[in-house]
Amino acid sequence: MLEQVRRTIEEYHMAKGGRVIVGLSGGADSVCLLHILRRLAPHYGWELQAVHIHHGLRGAEADRDAAFAMNFAQSLGVSCQVVSFDMAAEARKQGRNTEEMGRILRYETFAKLAGENGQIAVAHHANDQAETLLMRLCRGTGLLGLTGMAPVRGNIIRPLLFCSRKEIEAYCKENGLMYQEDSTNKDTAYTRNKIRHEVLPLLEEVHGGSTAHLAETAALLAADSDFLEQAAKAAYAETKLNENPIALSCEKLSALHPALRMRVLRYAMADMLGSSKNISHVHLQDVESLLTKQSGTSVKTAGGLVVSRQYDRLIFGRAEKMQAGFSYAIPLGTDVFVQEAELLVESGVFSGKREEIPLDGCTNVFDYDKITQDLCCRTRKAGDQITLPGGTKKLKSFFIDEKIPAEERGSIPLIACGRDIVWIYGGRTSAKFAPDAQTTQYVWIRITEAHHNERKN
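Heads up, the final residue of the sequence shown is numbered 476 in my numbering, and it's a clean run with no missing numbers.
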């Protein structure tokens, strides 16, 4: 078994040397893991530290496990830290079940102790992988879900992933290693325990080696999934037309293979939501359906995300942000921070030559005498108009002619003088306020992206 673990470490490039945090529950899996890593540590240059999480859930049994973990680690010459939580209280506080809360707190603790360059070794094995695969199959999942747990994910390594529970228990017996039994692991009211104690043994009876084959299948699918994810990332970059809000080309999306298209949509949604955790296949299908709908159609999907079809693009955004309006007075010579759009508006009056005003793409110049009302930076209002070289046009008609997506129109910053639009940020300026040969005084306006805390510093 030692050689099997060594092969896994080598094949998946787990050995980086330095600090390794080892999760030590006190059960056979983690006892075996720490013992093997201690034997291999001199070869790989590892500095091991065991960590036991006391969940505060099982009373005296949990206290026993913590004491055992501390003594076992010390017997190997490995330092051990016990970290305690009131898991039930934390779960209630965050509205989670204790199992999920335990997992979150464990990995947060491991990550904190590992630091930026350390690794985290956990004792998941082939039986765990098989259980995970079966659970996900029963609940419904895609290719990514069928890859199960990765041997390496970030700084987390799973050296025992291709070893069976039977092999682990045999290793403990051969090496005289004692371990603790968690009584809750026998409770078949939990889905995973039911699969562990009833379903997997039945599969082994029907077809010997089922557990190992399931774990091997997950590894094979992981390679295929990795290839598709890389291809999807490239396709995502190719189809993306805009970053904020995210906009994807309908034409390019439609040309993709469905497997890539769904992944591209998942990337776009995950970028907006910050995670892909709550994105289901149904959500992806709803968004995909927009490719065959007319412009102006939208769907509300995971996490309150709104995706709309606007002409030849899909726009991803949050409804409340898209509809947010604002209006700020622009006193000439005073800097104004537009919080909703995170923009800084600077302005001033200049009496020199127009050429002396630097134009850098963020700055525009207007005739001071033509501005007869106070300026403001705001979003659109009914009755807005803009004067172009060919005449005056309603702002709504201008947006339609320019194919500005409807979802974006309500949040575009405008410099306005009454109902007249002086400057559409990122776009056109009005001919009505343009300097001419008779202009003697100029108004300059500069708009740049800025965050509020940056303005304070």
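Glycine included, each C-beta is placed from N, C-alpha and C at the ideal position.
Sorted by chain position, which residues of the same chain lie with C-beta nearer than 7 Å to ARG184's C-beta, five sequence neighbours on each side aside?
-> Along the sequence shown, one-based indexing puts residue 184 at 165. Only HIS144 and ASN146 meet the Cβ criterion.
Per DSSP, what kind of secondary structure is LEU324 in: helix, strand or coil?
-> Locating residue 324 in the sequence shown gives position 305, where the first residue counts as 1. LEU324: strand per DSSP, three-state reduction.
Cα-Cα separation between MET20 and THR311, rounded to whole angstroms | Residue 20 sits at position 1 when you count from the first residue of the sequence shown. Residue 311 sits at position 292 when you count from the first residue of the sequence shown. Each residue's alpha carbon lies about 55 Å from the other.
Residue interval of the beta strand (DSSP E) (run including VAL39) = The residue labelled residue 39 in the question sits at position 20 within the sequence shown. Taken as a continuous stretch (DSSP letters only), the beta strand (DSSP E) holding VAL39 covers 37 to 42.
When every heavy atom of the ligand NAP is checked, does at least one fall within less than 8 Å of the C-beta of THR382?
-> Looking for the ligand NAP in the displayed structure turns up nothing, as the structure carries no ligands at all.
Look at the alpha carbon of GLN100 and the alpha carbon of LEU240, and state the distance between them as a whole number of angstroms.
-> Against the sequence shown, residue 100 aligns to sequence position 81. Against the sequence shown, residue 240 aligns to sequence position 221. Those two C-alpha atoms are separated by around 37 Å.
Can the beta-carbon of GLU257 be found closer than 9 Å to that of GLN329?
-> As a working mapping, residue 257 is identified with position 238 in the sequence shown. As a working mapping, residue 329 is identified with position 310 in the sequence shown. No; because the gap between Cβ atoms is not below 9 Å, this pair is not in contact.
Would the beta-carbon of MET288 fall within 9 Å of that of PHE335?
-> What you label residue 288 is simply residue 269 of the sequence shown in a count that begins at 1. What you label residue 335 is simply residue 316 of the sequence shown in a count that begins at 1. For MET288 and PHE335, yes; Cβs fall inside 9 Å.
List the residues that DSSP assigns as beta-bridge partners of ARG397.
-> Taking the first residue of the sequence shown as 1, we reach residue 397 at position 378. Paired residues: SER346 and LEU433.
Identity of the residue in PHE104, GLU135, LEU433 and ALA251 nearest ALA278 by Cα = Along the sequence shown, read from residue 1 onward, the residue named residue 278 stands at position 259. Nearest C-alpha to ALA278: ALA251.
Using DSSP with H/G/I as helix, E/B as strand and the rest coil, what is ALA274?
-> Sequence index remark: in the sequence shown, residue 274 carries index 255 (1-based). It is helical.
Boundaries of the beta strand (DSSP E) in which LYS413 is found, first to last residue = By one-based count along the sequence shown, residue 413 stands at place 394. Counting along the chain, the beta strand (DSSP E) containing LYS413 begins and ends at 410 to 413.
Where do the ends of the alpha helix (DSSP H) carrying LEU59 lie?
-> Residue 59 sits at position 40 when you count from the first residue of the sequence shown. Unbroken alpha helix (DSSP H) run through LEU59: 47 to 63.
If you draw a straight line from the C-alpha of THR27 to the C-alpha of ALA321, how long is it?
-> Within the sequence shown, residue 27 is the residue found at index 8, counting from 1. Within the sequence shown, residue 321 is the residue found at index 302, counting from 1. For THR27 and ALA321, the distance between alpha carbons rounds to 38 Å.
Could you name the residues of the same chain whose beta carbon sits closer than 8 Å to that of THR210, not counting the 5 residues immediately before and after it, in chain order?
-> As a first step, residue 210 is located in the sequence shown; it is residue number 191 there, counting from the start. The answer, listed in chain order, is MET154.
Given that a residue counts as buried once 16 or more other Cβ atoms are within 10 Å of its Cβ, and exposed if not, what is MET197?
-> The residue given as residue 197 occupies position 178 in the sequence shown. Result: exposed.
Using the Cα positions of SER416 and PRO424, report the straight-line distance between them to the nearest angstrom.
-> Sequence index remark: in the sequence shown, residue 416 carries index 397 (1-based). Sequence index remark: in the sequence shown, residue 424 carries index 405 (1-based). For SER416 and PRO424, the distance between alpha carbons rounds to 12 Å.
Would you tell me roughly how many angstroms separate the C-alpha atoms of GLY371 and ALA274, rounded to the nearest one?
-> If you number the sequence shown from 1, residue 371 lands on position 352. If you number the sequence shown from 1, residue 274 lands on position 255. If I take the Cα positions, the gap works out to 55 Å.
First through last residue of the beta strand (DSSP E) which encompasses LEU267 = As a position in the sequence shown, residue 267 is number 248, starting the count at 1. Note, LEU267: beta strand (DSSP E), 265 to 268.
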